[in-house]
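Take a look at the structure below.
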Amino acid sequence: MSIPRAGLNGLPLELIYEIFWLVINSGKHRKERCRLMLVCRQWQEDVEGSALLWTTISARDGLPYMRRALENSRRAMIDLYFPLSRSSAANLKAFMAEAGAHIPQWRSLRLSSPSGGPLEHALAPLTQAPNLEVLTICVRHAGSISANPITLFGGAPAPSLKDLTLYQIPVTVEPLGLSGLVSLNLQRVPTISTPQLLEILRDSPGLERLRLISNPSLVAIGSQASTIQPIELPKLVSLSLKQMENGGTNCILSNIRIPNRRRVSIHANVRRVNPRSALFTSAITHIFHTTIPTADVSPSAITVERYDVDRFSIKFRGIELALVVNGEDRVQDILGWLADSVGPEAAECPVHLIHGWSTWDPVRLAAVPPPLVIKHLTISDSASDLLREALYVVMTRAPDPPSSDWFLPQMESFSVGLGTTGSQKQLISMLKNRYEGGETELRCPMNLRSVELRGKPRTEGLVEEIRGILGEANVFWAD
């Protein structure tokens with residue numbers, strides 16, 4: 001479609017409004033409105049005359065401009081923002097008092113406060129918000145959280161609410177009548193218990209995103225859990241459970257069904273406990289089984305990364321387990337649970353082991369339980385020289401007698417950071433001992449098909465030298 005000879009003003013008014021809306025929402029709303037209105041008298045009239053161009057209202061603009069925006073919105077649905085910013089030209093109580101007179105127009109309300117007291121006083125006078133779809137309330141400083149739960153909207157329900165985010169604020173959720181949620185995000189909310197959460201989930205079959213972080217009242221509920229019927233969440237695609245009591249995480253996962261999930265993230269501390277009884281039980285293995293077509297899920301490789309003193313992660317088909325453990329044996333316990341959960345298919349899922357900074361025994365960490373097999377090994381740039389040397393020693397010497405569970409025979413790819421010429425010489429020495437030794441040294445040969453080199457200096461001829469040792473393997477420097 002070509003622009004008429006009259007220029008932008010010759011376009012249909014609805015299209016002009018759409019263009020203006022995109023401009024205004026691409027930056028600071030007040031600033032962009034003013035810029036458009038200063039172009040010409042026609043544009044000033046167009047901006048002033050379109051209610052939809054005044055529906056995003058921020059406390060940063062000050063109360064006088066807020067009143068102007070509310071007037072120009074002409075009963076259109078509005079989006080209200082009170083950010084945690086020193087540039088906000090209105091205090092929270094005054095902002096909410098102005099907005100409260102237009103509460104039937106609210107489509108979204110996002111509030112941030114450094115402490116809970118101002119929020120509690122500002123929210124107390126509100127009446128029912130029948131059309132509110134998005135509600136976000138954040139208290140930034142945990143020490144200021146009130147011990148008294150806050151009742152929103154005078155105890156009236158919020159029948160249209162689809163997206164609820166609460167951060168460090170004690171809200172009484174029962175009166176809200178949550179039944180149409182699409183997204184629920186609760187972080188450090190002390191007032192919501194496990195039974196309350198499960199009831200919310202049961203009433204929200206359309207839920208697509210669930211994020212729960214460090215909520216102290218989400219704990220195991222003992223024998224009460226055995227009477228709960230499974231909660232079907234067929235539309236849930238993203239689930240995050242982080243920094244919660246292990247029994248609470250297990251209880252939630254045990255009682256929901258998420259057949260179409262695409263992403264599950266679990267962060268937990270399983271030090272000094274048996275992870276297979278405290279969290280990773282047979283009751284939650286359903287998270288590995290989905291109805292999503294195989295072509296749509298992530299690759300079947302199991303990535304195991306050791307990245308801190310007592311932290312490691314496992315990633316597999318959209319599931320991420322980021323865990324604090326006390327030793328290599330616990331890692332093997334959890335990998336064994338994963339293999340049991342996946343079933344016979346586990347034998348077809350190659351393991352990619354990433355060694356980072358660590359004091360753990362690299363050989364014990366690499367002893368993954370059958371039928372899992374390590375086929376890819378990465379030594380990260382953060383790995384110590386001692387760890388790299390220990391791995392090279394293992395890679396040089398086959399076990400005596402030969403062992404079927406030795407992790408190197410089926411390894412197909414290897415990625416290593418080479419920060420010095422000394423580390424490059426170490427690598428060459430290891431490969432020569434591995435591939436150019438006598439027959440007795442090759443009882444368990446590696447099957448390397450790919451070697452990725454990382455870092456600098458990129459010594460000339462290093463790639464060719466490694467290819468000469470390995471034969472047909474693909475050897476290259478990473479970009």
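Using UniProt numbering, read the sequence shown as starting at 1 and increasing by one per residue. In this text, a Cβ means the ideal position worked out from N, Cα and C, and glycines have one as well.
Span of the alpha helix (DSSP H) around residue i
i	result
glutamate 465	462 to 470
glutamate 71	63 to 73
tryptophan 337	328 to 342
glutamate 120	116 to 123
residue 516	Shown here, the chain extends from 1 to 479; a query on residue 516 therefore has no answer.
lysine 432	421 to 435
alanine 366	362 to 366
glycine 100	92 to 100
leucine 197	194 to 202
arginine 276	275 to 278
Nearest-angstrom Cα separation, counted from residue j out to residue i
i	j	result
proline 114	isoleucine 169	11 Å
leucine 365	leucine 201	38 Å
glutamate 439	asparagine 269	Its pLDDT being 48, under 50, glutamate 439 is placed unreliably by the model, and nothing is read from it.
serine 214	leucine 462	49 Å
arginine 74	isoleucine 103	13 Å
histidine 376	leucine 181	42 Å
glutamine 187	serine 423	45 Å
leucine 301	tryptophan 54	Just to set this straight, residue 301 is alanine in the shown sequence, not leucine. Distance between the alpha carbons of alanine 301 and tryptophan 54: 50 Å.
arginine 263	isoleucine 379	27 Å
isoleucine 258	glutamine 224	22 Å
glycine 155	leucine 126	10 Å
leucine 470	leucine 453	14 Å
cysteine 40	aspartate 46	10 Å
histidine 121	leucine 111	13 Å
glycine 222	leucine 253	14 Å
proline 149	threonine 165	16 Å
arginine 434	lysine 242	43 Å
alanine 346	alanine 51	58 Å
glycine 318	glutamate 232	20 Å
serine 415	asparagine 255	41 Å
leucine 279	threonine 194	16 Å
leucine 135	aspartate 79	10 Å
isoleucine 428	isoleucine 466	7 Å
asparagine 447	methionine 430	14 Å
Beta-bridge pairing of residue i - partner residues as DSSP gives them
i	result
glutamate 452	Ser415, Phe476
arginine 263	Ser238
threonine 56	Asp79
proline 350	Val373
serine 183	Asp163, Arg209
glutamate 232	Arg257
arginine 306	Phe312, His355
threonine 378	Ile354, Ser415
leucine 135	Leu109, Leu164
isoleucine 169	Looking at the DSSP assignment, isoleucine 169 forms no beta bridge with any residue, so it has no partner.
valine 324	Asn269, Arg311
isoleucine 19	Isoleucine 19 is not bridged to any residue.
isoleucine 319	Val264, Phe316
isoleucine 150	Val171
Residue range of the beta strand (DSSP E) that includes residue i
i	result
arginine 110	106 to 113
isoleucine 314	311 to 316
Among the options, the one whose alpha carbon lies nearest that of residue i
i	options	result
cysteine 138	Gln128, Leu123, Gly248, Asn131	Leu123
asparagine 282	Leu241, Ile150, Cys251	According to the sequence provided, residue 282 is serine. The question's asparagine does not apply to it. Residue Cys251 is the option with its Cα nearest to serine 282.
valine 273	Ser265, Asn246, His289	Asn246
glutamine 196	Val219, Asp79, Gly100	Val219
arginine 60	Val39, Gln44, Lys28, Arg68	Lys28
aspartate 308	Ala301, His289, Thr291, Glu328	Glu328
arginine 33	Pro205, Ser265, Asn326, Tyr65	Tyr65
leucine 391	Gln426, Gln224, Gly419, Ser217	Gln426
residue 480	Val237, Phe95, Glu305, Gly318	Within the shown structure, residues of the chain are numbered from 1 to 479, placing residue 480 beyond reach of any answer.
valine 189	Ser217, Gln42, Ala97	Ser217
proline 230	Val342, Leu198, Ile428, Met37	Leu198
alanine 76	Thr56, Ser85, Leu152, Ala94	Thr56
Cβ of residue i within 8 Å of any chain B Cβ
i	result
arginine 107	Here there is only one protein chain, and chain B is not present.
Does the region 333 to 345 touch the region 310 to 317, meaning 3 or more C-beta pairs lie closer than 8 Å? yes
Given 8 Å, three or more beta-carbon pairs between the region 318 to 325 and the region 369 to 384: no
Give a yes or no on contact between the region 124 to 133 and the region 146 to 161, applying the rule of three or more CB pairs nearer than 8 Å. yes
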